[in-house]
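One structure is given here, and the rest of the page talks about it.
Protein chains: 2
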Amino acid sequence: MQKTKVLIADDEPDILEMLSYALEKDGYEVITAHDGDETLKKALKYQPDIILLDIMMPKHDGIEVCRTLRQDKAFADKIIMILTARSEEYSEVAGFDAGADDYVTKPIKIRSLLSRIEALQRRRQKDNPSALQVGPFSIDRERYLIVHGAEEIKLPRKEFELLYLLASMYNKVVTRERIFDEIWGKDVIVVDRTIDVHIRRIRIKIGEQYIQTVKGVGYKFAIDE
Amino acid sequence: MQKTKVLIADDEPDILEMLSYALEKDGYEVITAHDGDETLKKALKYQPDIILLDIMMPKHDGIEVCRTLRQDKAFADKIIMILTARSEEYSEVAGFDAGADDYVTKPIKIRSLLSRIEALQRRRQKDNPSALQVGPFSIDRERYLIVHGAEEIKLPRKEFELLYLLASMYNKVVTRERIFDEIWGKDVIVVDRTIDVHIRRIRIKIGEQYIQTVKGVGYKFAIDE
DNA sequence: CCAACAATTAACAAAAGCTTAACACCCTAG
DNA sequence: CTAGGGTGTTAAGCTTTTGTTAATTGTTGG
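Those protein sequences? They're chains Y and C, same order as listed. Just add 1 to wherever you are in the first sequence, counting from 1, and you've got our numbering. Just add 1 to wherever you are in the second sequence, counting from 1, and you've got our numbering.
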């Protein structure tokens with residue numbers, strides 16, 4: 002289980018601290034930088050998923066950093082948000098022009114910032130054609146990854162395939178027989194309890210409440226409270 | 002027993018209140034939202050069965066929200082209705098295009114809205130090929146559930162199969178012999194009273210009046226008296 | 001009305017079926 | 001070659017489901 006990494010770049014320690022605190026509380030892993038150079042260096046080093054850039058920074062401003070990052074393939078589809086004081090003369094247009102995903106003016110309202118980040122993440126996932134959206138989960142076949150809010154859950158192959166099968170049949174019972182056929186194939190012989198054990202491991206990782214047991218029949222993926 | 006959940010999204014508090022009142026009086030559990038973001042968040046959180054979306058809303062309009070929801074497996078077959086003022090320039094086509102089930106223009110006539118919702122629910126059930134419709138029940142093999150109005154009843158395997166057998170022979174007597182053959186198979190030996198006990202358990206869960214005893218012969222599923 | 005038979009019902013017992021932890025045997029990347 | 005992740009197996013509990021029994025309560029034909 003791996004947290005989503007956020008890199009926050011601002012030269013004011015107060016802002017840095019406030020944002021760090023809020024984001025960490027929300028389950029993100031936070032990295033900070035104080036100027037343009039440091040931002041680039043840390044971005045390369047830690048490969049964050051989300052980058053918050055203050056515009057006014059020593060050694061290359063936020064716009065420049067944004068433009069530079071966007072030229073790197075690795076950051077082509079990461080989330081980049083520009084933070085700016087309303088008074089500063091940079092325009093919103095310049096921000097989007099440099100490739101930013103969103104543009105937030107200070108004073109920053111934490112709740113609103115968090116929901117905008119979430120919205121961007123949702124959109125990012127949604128645009129990804131190989132990802133299956135199910136309630137709070139985005140199940141990404143390409144990266145073998147389950148995204149759940151700020152959490153990225155990495156599952157090994159068998160567990161992933163099993164979860165994917167169940168999720169793609171949302172709310173329908175998948176029989177044990179079907180599971181064997183789809184995950185192990187007709188000719189492989191595995192003991193009956195193997196399925197249960199895999200279900201167990203998935204439940205531990207994604208939470209107990211999403212996979213329901215239907216005794217004597219199979220399992221189903223559903224979201225009820 | 003669980004009520005059917007309706008999420009109503011509109012930025013005008015008056016409309017929200019009027020609809021809430023009407024739907025609650027009709028037995029639904031109501032959740033409200035005031036803008037697009039809140040709608041998405043609450044939909045994810047509460048998993049409503051029916052969603053009413055005003056088109057004109059701050060932070061993502063109804064069409065967008067509808068489109069987003071439809072990409073989520075969990076909402077693929079929930080009921081989504083678009084509400085709109087006749088004057089607004091959005092077209093009906095856009096609504097259906099985004100995956101809405103119905104399109105209602107304001108001013109809203111409550112009685113008509115309620116009956117359209119009911120019609121959609123009925124159709125949803127009827128269109129489900131894996132569910133058997135008998136009287137007030139929908140017996141759903143895929144979900145392994147009995148749906149009785151807003152109530153979902155869970156039955157263990159033997160009871161489910163027995164009820165399914167009786168329901169599929171609606172209004173016809175099923176002999177004890179036939180029941181043994183179909184539910185237990187030719188070679189399993191169970192005592193005669195076992196059937197009675199299972200019938201008992203089903204009656205407790207779905208109500209006494211649906212399964213009739215035909216002395217000396219068997220049982221039949223019917224809705225009379 | 002009353003045998004005589006059939007079904008209801010509650011209580012109990014047995015058996016399925018699932019959960020869970022522990023372990024063992026791969027592989028494979030370092 | 002070795003540690004660690006990924007898979008499969010086993011076996012000891014548990015819980016739920018299923019089956020049995022027996023007392024009781026209809027029901028019905030004579």
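Glycine residues also receive a C-beta, built at the ideal position from the N, C-alpha and C atoms. Just so it is clear, the structure is predicted and the values come from calculations on it, not from any experiment.
Please list the segments of the beta strand (DSSP E) lying wholly inside the segment 93-157 of chain Y, counting only runs of 3 or more residues, in order along the chain.
103-107, 132-135, 138-141, 146-149 and 152-155
Do you know whose CA, among C:LEU17, C:GLY208, C:GLN213 and C:GLN210, lies nearest PRO108 (chain C)'s CA?
It is C:LEU17.
Below 7 Å CB to CB, which residues in the same chain sit around ARG177 (chain C) once its five sequence neighbours on both sides are set aside?
Cβ neighbours of ARG177 (chain C) beyond the five flanking positions: ILE196 and GLY219.
Tell me, which residues are paired with LYS6 (chain C) by DSSP?
C:GLU30
What first and last residue would you give for the alpha helix (DSSP H) that runs through ALA44 (chain Y)?
Segment 37-47, the alpha helix (DSSP H) holding ALA44 (chain Y).
In the DSSP output, what is LEU53 (chain C) paired with across the bridge?
Paired residue(s): C:ILE9 and C:MET82.
Using three-state DSSP, classify GLY217 (chain C) as helix, strand or coil.
GLY217 (chain C): coil per DSSP, three-state reduction.
Give me the Cα-Cα distance between SER116 (chain Y) and ILE200 (chain Y), rounded to the nearest whole angstrom.
32 Å
In chain order, what residues of the same chain have a beta carbon less than 8 Å from the beta carbon of TYR104 (chain Y), not counting five sequence neighbours either side?
MET82, ILE83, THR85, GLU93, GLY96 and PHE97
Exposure label - GLY217 (chain C); buried when at least 16 CB within 10 Å:
exposed
Reference GLU162 (chain C), options C:ILE147, C:ALA75, C:LEU70 and C:ARG125, closest by Cα
Checking every option, the nearest Cα to that of GLU162 (chain C) belongs to C:ILE147.
Comparing C-alpha positions only, which one of Y:ARG144, Y:PRO137 and Y:LEU121 sits nearest to SER131 (chain Y)?
Y:ARG144
Under DSSP, the alpha helix (DSSP H) around VAL198 (chain C) begins and ends at which residues?
194-207
Check whether the segment 20-30 of chain Y and the segment 54-66 of chain Y are in contact - that is, three or more C-beta pairs closer than 8 Å.
no
List, in order along the chain, the chain C residues whose C-beta lies closer than 7 Å to that of PHE193 (chain Y)?
Looking at the sequence shown, residue 193 (chain Y) is not Phe but Asp. Near ASP193 (chain Y) there are no residues of chain C at all, since even the closest Cβ is about 16 Å away, more than 7 Å.
Just mark GLN134 (chain Y) as buried or exposed, buried being the case when its beta carbon has 16 or more other beta carbons within 10 Å.
Buried.
Where the alpha helix (DSSP H) containing VAL66 (chain C) begins and where it ends:
63-71
Measure the Cβ-Cβ separation of LYS221 (chain Y) and GLN213 (chain Y) and say whether it is below 8 Å.
yes
Would you mind working out which of C:GLY37, C:LEU114 and C:GLN3 sits nearest MET19 (chain C), comparing C-alpha positions?
C:LEU114
Supposed contact pair LYS79 (chain C) and ASP50 (chain C) - C-beta distance, whole angstroms, cut 8 Å
Sure, about 6 Å apart at Cβ, within 8 Å.
Taking Cβ positions, are ALA151 (chain C) and GLN3 (chain C) nearer each other than 8 Å?
In this structure, GLN3 (chain C) lies closer than 8 Å to ALA151 (chain C) by Cβ.
Helix, strand or coil at ILE224 (chain Y) according to DSSP, with G and I counted as helix:
Reduced to three states, the DSSP call for ILE224 (chain Y) is coil.
So, at 6 Å on beta carbons, what are the nonlocal neighbours of VAL31 (chain Y) in its own chain, with the 5 sequence-adjacent residues on each side left out?
VAL7, SER21, LEU24 and GLU25
For ILE212 (chain Y), write down the residues that DSSP places opposite it in a beta bridge.
According to DSSP, ILE212 (chain Y) bridges with Y:PHE222.
Can you give me, in chain order, the residues of the segment 208-219 of chain Y that have a beta carbon less than 7 Å from any beta carbon in chain C?
VAL215, LYS216, GLY217 and VAL218
Using a Cβ cut-off of 7 Å, pull out every chain C residue sitting near GLN134 (chain Y), in sequence order please.
GLN72, ASP73 and LYS74
Which same chain residues end up closer than 7 Å to GLU160 (chain C) when comparing Cβ atoms and leaving out the 5 residues on each side of it in sequence?
HIS199, ARG202 and ILE203
Is it the case that the Cβ atoms of LEU156 (chain C) and LEU164 (chain C) are separated by a distance below 8 Å?
yes
Can you name the start and end residues of the beta strand (DSSP E) that VAL174 (chain Y) belongs to?
174-176
Could you have a look at GLU89 (chain C) and say whether DSSP puts it in helix, strand or coil?
In the structure shown, GLU89 (chain C) sits in coil (DSSP, three-state: anything other than H, G, I, E or B).
Going by the beta-carbon positions, is the gap between ALA44 (chain C) and LEU70 (chain C) smaller than 8 Å?
yes
In the segment 114-133 of chain Y, which residues sit with their C-beta less than 7 Å from some C-beta in chain C, listed in chain order?
SER116, ALA120, LYS127 and LEU133
Find the residues of chain C that neighbour ALA168 (chain Y), judging by a C-beta separation of less than 7 Å, and give them in chain order.
LYS74
How big is the Cα-Cα spacing for PHE138 (chain C) and PHE76 (chain Y)?
54 Å
Which of helix, strand or coil does DSSP assign to SER188 (chain C)?
In the sequence as displayed, the identity of residue 188 (chain C) is Asp instead of Ser. Note: ASP188 (chain C) maps to coil in three-state DSSP.
Distance between GLY186 (chain Y) and VAL175 (chain C) (C-alpha atoms, nearest Å)
Each residue's Cα considered, the two are about 39 Å apart.
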